[in-house]
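Below: the structure, in structure tokens.
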Amino acid sequence: MSVEAPEFVILPEPEEGNHGIKEAARRKLSSPWAVLVVAIITILWTIPTVGLLITSFRPAADAQNTGWWTFFRNPAVTFSNYAEVITGGSTTATGIMPYFFNSFAIAIPAAIFPLVLASMAAYAIAWVPFRGAIWIFFGIFALQVVPLQMALLPLLQMFNLGWSIGDIPIFPDLNKPGSNQSLLAGTYIPLWIAHTMFALPLAIFLLHNFMAQLPRDLMEAARVDGAGHFLIFRKIVLPLSIPAIASFAIFQFLWVWNDLLVAITFAGGTPNVAPITSYLASLKGSYGAQLHLTTAGAFIAIIVPLIVFFSLQRFFVRGLLAGSVKG
Amino acid sequence: MEEILNGLPKLGSAAAAIAIFLAFLLIVFFIGARFRGRLQGPAALIVFLGPALILVTMGLIVPAFRTIYGSTLDANQEEFIGLDNYAWIFDTQQGVLINTLLWIVIAPVASTALGLTLALLLDRMRRESVAKSLIFMPMAISFVGASIIWGLVYEYREPSREQVGLLSQVVMWLGVEEPPNWILWQPFNNYLLMVIMVWIQVGFAMVVLSAAIKNIPADVVEAAELDGATGWRLFSRVTIPMIRATLIVVLTTIMIAVLKIFDIVRTMTNGNFGTQVVANEMYAQSFVQFNEGHGNALAVVLFIGVIPLIIYNVVQLRKERAIR
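Protein sequences, first through last, are from chains A and B. Be aware that the first sequence starts at 1, since it is given in our numbering, and climbs by one per residue. Be aware that the second sequence starts at 1001, since it is given in our numbering, and climbs by one per residue.
Structure below.
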């Protein structure tokens, strides 16, 4: 596992002026006790994951009968756990790989769709003057109040049976005639749509906060030169908003990759569409005692978010800060 | 190899979906850009704001009302039964409500307190990034992954056998002869599940609070130090008031996350052994028991729980807007 993490970017940058003095004071204040406490907590926080990693490489009998810390006395390494999880072996028919690919196929579009739509909406609220913009903004922010759980059943009904007000169809009934099977069943489409819907409030909120701070002169100069909203959005606002967009893209990708609730509601458990989290949950349910397999599966599932996290940490942190640091 | 080849069409369909989506947008943009003069503003509004508004209306607003209405219907959503579903929650599900309440209070407070401590300690250190990254790392791990990681810590074996679970082993090294089966150990198993949530959320609290502490103007701290404030007094009179707003945002953000907590309980115990919480019970009622009335009512209970937290955040936001 990588520990060579990039330096954190803390926004805004610390003041330049009295840097030297402050730095000296900080060094003096840095007591050995503080270092000790931080070191202990860091170790405590890391040990469980290390245990997972070690267990996933131990032979089945060792993993099930001895603690992973005995590995250091009796080091035996095998790759057969990973081989079994990947091919399915005697446990499941398909192995983990179909689910692994499903996770990518779900998470990448489910990060891009809401981002594009949210940046458009954020631009409209920030830079297309219209009455009630502020109310739409607060309304969208307040929509975070709706827990996912509230939307699950109605959305499922919409995907399966369609919606209509009286006789006017709002969302078509996509059942194949004469069968009870929706056309959307077994596709990623319900997952993409659901994740997009649920991501929009936060995405619009964060991107709007960023875009609203772009310099007004820039927009006005472009407008004087005859550029319309579509041109300004594509040529000025989008390129300048890349940092905010990148932050949210990473955030949303990790969120979707790690999601279980939306996944098991809209995808069921089939290897055609279900993501890796849903496979892991069922693996733990049915083969919880096979520690060597569940740990190998879990490691395959968490390696992608960990790589994304460690390589793009600074964007991720910036996104978090934009969402929660005020003032 | 075969497994990877089988996966490629899936990535292909995702790429195709993205391509279609972007192509569609380009066409809409092309048409939208042809409107000039007085129609330009309205055309831009419809194109830019329309899709997002339609999606949140269909995905959040309408479902919210349908769920509220559905919570007054019976199990099959056919007959109106008034508030019977809520009566059922408060009569028979008190344990679930109490557990959820414990979660909402304990996990966010513990995460924030520990995160604040770490942020303060790290603020005084020069080499902080490795520790920060490692403590922050669990945020990138899914709740399901975390459950498997912590399943290893809480794993139970007969005391006479060699131990596999780390917690049991540590407790035995400390002299306890018969450690309990942690996951079945009521009511403490609830707290053991909360530890997982704290493990995940501390990094978030630490990073955000650490940024807030660094944002405190240096002259404020120096002035206080010149006046003789040190240690605890500096912390309680200067640091805490200066980061109060951020502290509350962190607390409410974690609270909202905890209220909807579902994955940890589902994968660790599936709500058995006295660990059920509202979010998981909602799922069980709707999709396992097929009692949609109960499921809807539980979702509304979650909704009512989140409302005050969001209202608080909106009020804060408006205040901040007013200042700008």
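Here a beta-carbon is modelled for each residue, glycine too, at the ideal position from N, C-alpha and C.
Determine the extent of the alpha helix (DSSP H) in which residue i is found, giving its start and end residues.
i         : result
B/Glu1155 : Looking at the DSSP string, B/Glu1155 is not in any alpha helix (DSSP H), and its letter there is neither H nor E.
A/Tyr188  : First-last for A/Tyr188: undefined, no H or E at that position.
B/Arg979  : Look at the range of chain B in this structure, 1001 to 1324, and you will see that residue 979 of chain B is not part of it.
B/Glu1225 : 1218-1226
A/Gly95   : Run containing A/Gly95: none; DSSP gives neither H nor E here.
A/Pro32   : 32-56
B/Trp1199 : 1188-1215
A/Phe159  : 148-161
B/Val1176 : Per DSSP, B/Val1176 belongs to no alpha helix (DSSP H) and is neither H nor E.
A/Asn65   : 60-65
A/Ile140  : 133-142
B/Trp1330 : Any answer about residue 1330 of chain B is impossible in this case: the structure gives chain B only from 1001 up to 1324.
B/Asn1280 : 1278-1283
B/Gln1040 : 1040-1056
Can you tell me whether residue i is buried or exposed, with buried defined as 16 or more other CB within 10 angstroms of its CB?
i         : result
B/Ile1020 : exposed
A/Phe253  : buried
B/Phe1235 : exposed
A/Asn81   : buried
B/Gly1115 : buried
B/Thr1112 : buried
B/Gly1151 : buried
B/Ile1311 : exposed
A/Arg131  : exposed
A/Lys28   : Below a pLDDT of 50, predicted positions are generally treated as unreliable, and A/Lys28, at 48, falls in that range; no measurement from the model is reported.
B/Pro1159 : exposed
A/Asn74   : exposed
B/Trp1173 : exposed
B/Thr1067 : buried
B/Lys1260 : buried
A/Ala24   : Confidence at A/Ala24 is low in this model, with a pLDDT of 49, below 50, so its placement is unreliable and the value that follows should be read with caution. That one is exposed.
B/Ile1054 : exposed
A/Lys284  : buried
B/Val1220 : exposed
B/Gly1175 : exposed
A/Val77   : exposed
Residues of chain B with CB closer than 8 Å to the CB of residue i, please, in chain order.
i        : result
A/Phe253 : Chain B residues near A/Phe253: none, gap ~11 Å exceeds 8 Å.
A/Leu231 : Ala1033
A/Met97  : Glu1003, Ile1004, Asn1006, Gly1007
A/Lys284 : Val1144, Ser1147, Ile1148, Gly1151, Thr1267
A/Leu306 : Met1137, Ala1140, Ile1141
So residue i contacts chain A; which residues on that side make the cut at Cβ distance below 8 Å?
i         : result
B/Trp1150 : Pro48
B/Pro1051 : Leu117, Met120, Ala121
B/Gly1041 : Val128, Pro129, Phe130, His229
B/Pro1138 : Trp45, Thr49
B/Trp1199 : Trp45, Pro48
Which residues in chain B sit within 7 Å of residue i, going by Cβ to Cβ distance?
i        : result
A/Phe315 : Simply none; closest approach about 13 Å.
A/Thr277 : Ser1142, Val1144
Take residue i as the anchor and find which of the options has the nearest alpha-carbon.
i         : options                                : result
A/Trp69   : B/Pro1187, B/Pro1009, B/Glu1162        : B/Glu1162
B/Asn1344 : B/Leu1174, B/Met1194, B/Leu1166        : Because chain B here runs from 1001 to 1324, residue 1344 of chain B falls outside it and cannot be looked at.
B/Ser1071 : B/Arg1038, B/Glu1292, B/Arg1034        : B/Glu1292
A/Val332  : A/Thr55, A/Ile108, A/Val77             : With chain A represented from 1 up to 327, any question about residue 332 of chain A goes unanswered, as that position is not in the structure.
B/Val1198 : A/Val237, A/Ile96, A/Leu44, A/Phe159   : A/Leu44
B/Val1056 : A/Met211, A/Ile136, A/Leu280, A/Thr294 : A/Ile136
B/Leu1005 : A/Phe101, A/Gly67, A/Gly51             : A/Phe101
B/Leu1193 : B/Glu1177, B/Phe1024, B/Val1258        : B/Val1258
A/Ala121  : A/Pro201, A/Thr55, A/Val145, A/Ile193  : A/Pro201
A/Ala203  : A/Thr295, A/Ser119, A/Leu148, A/Ser31  : A/Ser119
A/Pro275  : A/Gly288, A/Ala298, A/Tyr287, A/Leu293 : A/Ala298
Chain A partners of residue i, CB-CB under 7 Å?
i         : result
B/Arg1066 : Pro154
B/Ile1018 : Pro109, Ile112
B/Leu1122 : Val38
B/Leu1011 : Phe101, Phe104, Ala105
If the cut is a Cβ gap below 9 Å, which residues of chain B does residue i touch?
i        : result
A/Gln149 : Thr1067, Lys1260, Phe1262, Val1278, Ala1279, Met1282, Tyr1283, Ser1286, Gly1295, Leu1298, Ala1299, Leu1302, Phe1303
A/Gly51  : Ile1149, Leu1152, Val1153, Leu1166
A/Thr196 : Leu1055, Gly1059
Applying a beta-carbon distance threshold of less than 9 Å, which residues of chain A neighbour residue i?
i         : result
B/Asn1291 : Ordered by position in chain A, no residue passes the 9 Å Cβ test against B/Asn1291, which lies about 11 Å from the chain.
B/Ile1307 : Val145
B/Glu1177 : Simply none; closest approach about 17 Å.
B/Thr1072 : Correct list: empty, because the minimum Cβ distance to chain A is about 14 Å.
B/Ala1110 : None at all; the shortest Cβ gap to chain A is about 13 Å.
B/Ile1254 : The premise fails here: B/Ile1254 is roughly 10 Å from chain A at the closest Cβ pair, so nothing lies under 9 Å.
If you measure from the beta carbon of residue i to each beta carbon in chain C, is any gap under 8 Å?
i       : result
A/Gly67 : In the structure shown, chain C cannot be found, because the protein chains are A and B.
Just to check, is the beta-carbon of residue i closer than 7 Å to a non-hydrogen atom of the ligand GDP?
i        : result
A/Leu191 : The model depicted lacks the ligand GDP and carries no ligand whatsoever.
Could you tell me which whole alpha helix (DSSP H) segments of length 4 or greater appear in the region 226-297 of chain A? 229-232, 242-258, 261-267, 276-287
Write down every uninterrupted run of the alpha helix (DSSP H) in the region 1077-1128 of chain B whose length is 4 residues or greater and which is fully enclosed by it, in chain order. Fully contained in the region 1077-1128 of chain B are the following alpha helix (DSSP H) runs of length 4 or more, in chain order: 1084-1092, 1094-1123.
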